[in-house]
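Everything on this sheet refers to the single structure shown next.
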Amino acid sequence: MMLLQIQQLTKYFGAELILSNIKLEIQTNDRIALVGRNGAGKSTLLKIIAGHLSYDSGQIVKPKDVTIDYLAQNTGLESKLSIWDEMLSVFAKVREMEKEIRQIELDLATVSESEAAKLLHEYDRLQVKFKEIGGYQYESDIRSVLHGLRFYEKDCSTLISTLSGGQKTRLALAKLLLTKPDLLILDEPTNHLDIETLSWLEQYLANYSGAVLIVSHDRYFLDKVVTQVYELSRTEIKKFHGNYSKYLDQKAELYEREMKQFEKQQEEVAKLQDFIQRNLARASTTKRAQSRRKQLDRMQLMDRPKGGEKSASFSFDIERQSGNDVLKVRDASIGYDHQALAQHIDFSIFRQDSIALVGPNGVGKSTLLKTIIKKIQLLAGNIDYGTNVSIGYYDQEQAELSSNKTVLQELWDHYPLKDEKEIRTVLGNFLFSGDDVLKIVSTLSGGEKARLALAILMLEKSNFLILDEPTNHLDLDSKEILENALVDYPGTILFVSHDRYFINRIATKVIELTPDGAVEYLGDYDYYVQKKAETLELAAMESTENDTKKQVESTKTSYQQDKEMKKLERQRKRRIEEIEEKMNDLEGKIEEQEQLLCLPEIFEDHEKVININDSIESLKDEVNELLEEWTELAELLDA
């Protein structure tokens, strides 16, 4: 089913053309990535599709009943309610229907038969509708989405107004996912998500019942989720089939093919022009030359294929090499105000290591980096630095880049001994050209601040780079340039990143930080995931083996018990048989004694009668004792 169709859409901001002749189609179950440089107009197009922005010309066709929801980047959920109550508000209609159903159930007990029939009909209708709209599972859906985005049962009563910006952003995403629109539009949904949450979101979106349109700079995420890519470049849009990696391959192949066609045509044009010039003036060949000219005039000349837009260009170098031992952390505790986030941290870093520091949000990754560079005091343990180690630090928040200086002044103040031409050249390599160098630092976008911070870092020439989320705010092209620069860097790197593709390209080791220490894995991100899975599998197998052992032991015990019980049962049955046989004998003796009492020679002898009666009583007592034992044994056998 067609959910949305855009035809020849154009958008201006003032006199500047942002989007031109945009064509885009979205159908049910489509998974679409919108890619392009920062400033290409991706967020603008998303806002137009969502109805938050107008457009100048063109057409957007959408069926009336199609629902669209949009999450802008870094949108935080603002509410005075608790987390649970805010999520419940998504299902207001469902809960209202639930109340109607409950009211009918109450009314059925008090109305007449004729009214009851009408109520039952309405009750059946509401029940069917209630099931269709997920009335029996909405609370389960809320728990599932909240859990996936790292909000647990204990968090549900927390007031949203008390949460951090990152938590509010995750909640805004949670609320949007619970609305389940036909078209879900997400602008940078991976911001503020740790790796585990990203994996959950990938799985959720892959199984989402509607269509998804995403802008993201996370290549790993796009490869997992999308099946189509629309590229925005130079105000125009182009469609590619497949995930992001396939899009890159197709784009390269398309450019190469178009360039060959262009060059071939240019050769043909050159030959025609040469022939015309050499033969037009000669009477014997002028007709042929005129024919070639007509052929040239009829030819539809191709434009030269447009290559990639200008990219940042930089590399990291070092002034002097460090010793082999760069950093040793021993039994360290890190945190704030004597409150430890993580403790018993042990690891070593050696020259030319490239180490990714991973772990869930809130475990203290950024805190550890700031502790290493001595911005935060170490709570316990030791951090030892190697010989000739010079640290260059990149802050994910670019907290220090908030001045009222121009971009040129900011960089020049860091390196006052360099001349203006050299500073401008560096800035040009980081895409600050012309009037861009006169922009005020505090007014820069996130991507521009990131590029300026990288320019400052590059000129430091430190031999140990500590990077906190260096790919945040960078577009995909800039990320690739940074990756290449770090791959070629001759020094040592310790970095925190949620970008799994970036970790795979850069990391030679992965250190997982937990509240109780650090675990080292000798490989990239995929190796780390594989080893984690193996560890969990081994733990599960060990648990299964323990359960099996217990089961075997339990089975052995049960067998022994069963064996003993059967033995006891056989003993009881034999005893019952013995008792029954003995009772028969005793009863026979009693009968014989009673018959003796009937004989004249006996009943006339008073002394003999007394002796026989005593014998009969003794025999009866014995029978009663045996009967009691028989009863107990019979009850035990029945049980």
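So that you can map any letter, position 532 of the sequence shown is 532 in the UniProt record's numbering, and since no number is skipped, the others follow by simple counting.
Where a beta carbon is used, it is the ideal one built from N, C-alpha and C, also for glycine.
Everything numeric in this text was worked out from a predicted model, so none of it was measured.
Check: Tell me whether residue 379 sits in a helix, a strand or coil according to DSSP, three-state version.; Outcome: coil
Check: Write down every uninterrupted run of the beta strand (DSSP E) in the region 11-39 whose length is 3 residues or greater and which is fully enclosed by it, in chain order.; Outcome: 16-27 and 31-35
Check: Which of the three DSSP states, helix, strand or coil, is assigned to residue 392?; Outcome: strand
Check: Using the three-state DSSP reduction, which class does residue 530 fall into: helix, strand or coil?; Outcome: helix
Check: Contact check, residue 463 vs residue 492 under 8 Å by CB: the rounded distance?; Outcome: 7 Å
Check: If you draw a straight line from the alpha carbon of residue 614 to that of residue 565, how long is it in whole angstroms?; Outcome: 41 Å
Check: I'd like to confirm the pairing. Which residues does DSSP put opposite residue 480 in its beta bridges?; Outcome: In DSSP, residue 480 forms no bridge with anything.
Check: Can you tell which of 254, 260, 71 and 592 has its C-alpha closest to the C-alpha of residue 179?; Outcome: 71
Check: Which partner residues of residue 328 appear in the DSSP bridge assignment?; Outcome: 348 and 384
Check: Please state whether the Cβ-Cβ distance between residue 59 and residue 9 is less than 9 Å.; Outcome: yes
Check: Are at least three pairs of beta-carbons, each pair with one atom in the region 486-502 and one in the region 361-375, less than 8 Å apart?; Outcome: yes
Check: If you drop the 5 nearest sequence neighbours on each side, which residues of the same chain put their C-beta closer than 7 Å to that of residue 24?; Outcome: 6, 230 and 237
Check: On the three-state DSSP scale, how would you describe residue 66?; Outcome: coil
Check: Comparing C-alpha positions only, which one of 400, 256 and 346 sits nearest to residue 444?; Outcome: 400
Check: Which runs of the alpha helix (DSSP H), 4 residues or longer, sit entirely within the region 443-474?; Outcome: 446-460
Check: Are the Cβ atoms of residue 33 and residue 247 separated by less than 9 Å?; Outcome: yes
Check: Under a three-way DSSP split, which group does residue 77 fall into?; Outcome: coil
Check: Looking only at its own chain, which residues have a Cβ that is under 8 Å from the Cβ of residue 338, when we skip the five neighbours before and after it?; Outcome: 379
Check: To test your reading of the DSSP string, which unbroken alpha helix (DSSP H) runs of 4 or more residues are found completely within the region 116-204?; Outcome: 138-148 and 165-179
Check: Using DSSP with H/G/I as helix, E/B as strand and the rest coil, what is residue 318?; Outcome: coil
Check: Return the chain-ordered list of same chain residues with a C-beta closer than 7 Å to the C-beta of residue 468, the five sequence neighbours on each side being excluded.; Outcome: 366, 369, 394, 395, 396 and 496
Check: So for residue 97, helix, strand or coil by DSSP?; Outcome: helix
Check: Here's the rule I'm using: 16 or more other beta-carbon atoms within 10 Å means buried, otherwise exposed. How should residue 470 be labelled?; Outcome: buried
Check: Between residue 653 and residue 211, how many whole angstroms is the CB-CB distance? I'm expecting something under 8 Å.; Outcome: Here the chain covers residues 1 to 639 and nothing more, so residue 653 does not appear.
Check: Near residue 644, which residues of its chain fall below 6 Å by C-beta distance, leaving aside the five closest residues on each side in sequence?; Outcome: Residue coverage of the chain in this structure runs from 1 to 639, which leaves residue 644 outside it and unanswerable.
Check: For the alpha helix (DSSP H) containing residue 606, name the first residue and the last one.; Outcome: 606-638
Check: Sorted by chain position, which residues of the same chain lie with C-beta nearer than 6 Å to residue 390's C-beta, five sequence neighbours on each side aside?; Outcome: 462 and 463
Check: When we look at the beta-carbon of residue 600 and count the other beta-carbons within 10 Å, is it buried (16 or more) or exposed?; Outcome: exposed
Check: Let me know the secondary structure DSSP gives residue 55 once reduced to three states.; Outcome: coil
Check: Using a Cβ-Cβ cut-off of 6 Å (strictly less than) and excluding sequence neighbours within five positions of residue 213, which residues of its own chain qualify?; Outcome: 32 and 185
Check: With a 10 Å radius around its C-beta and 16 neighbouring C-beta atoms as the bar for buried, classify residue 374 as buried or exposed.; Outcome: exposed
Check: Using 9 Å as the threshold, is the C-beta distance between residue 19 and residue 62 below it?; Outcome: no
Check: What number of angstroms, rounded off, separates the C-alpha of residue 441 from the C-alpha of residue 424?; Outcome: 15 Å
Check: With DSSP as the reference, identify every bridge partner of residue 430, one or two as the case may be.; Outcome: The partner list for residue 430 (beta bridge, DSSP) is empty, contrary to what the question assumes.
Check: Let's test the definition: count the other Cβ atoms within 10 Å of the Cβ of residue 487 and tell me whether it reaches 16, buried, or not, exposed.; Outcome: exposed
Check: Let me confirm a value: residue 103 is counted as buried when at least 16 other C-beta atoms fall within 10 Å, else exposed. Which label applies?; Outcome: exposed
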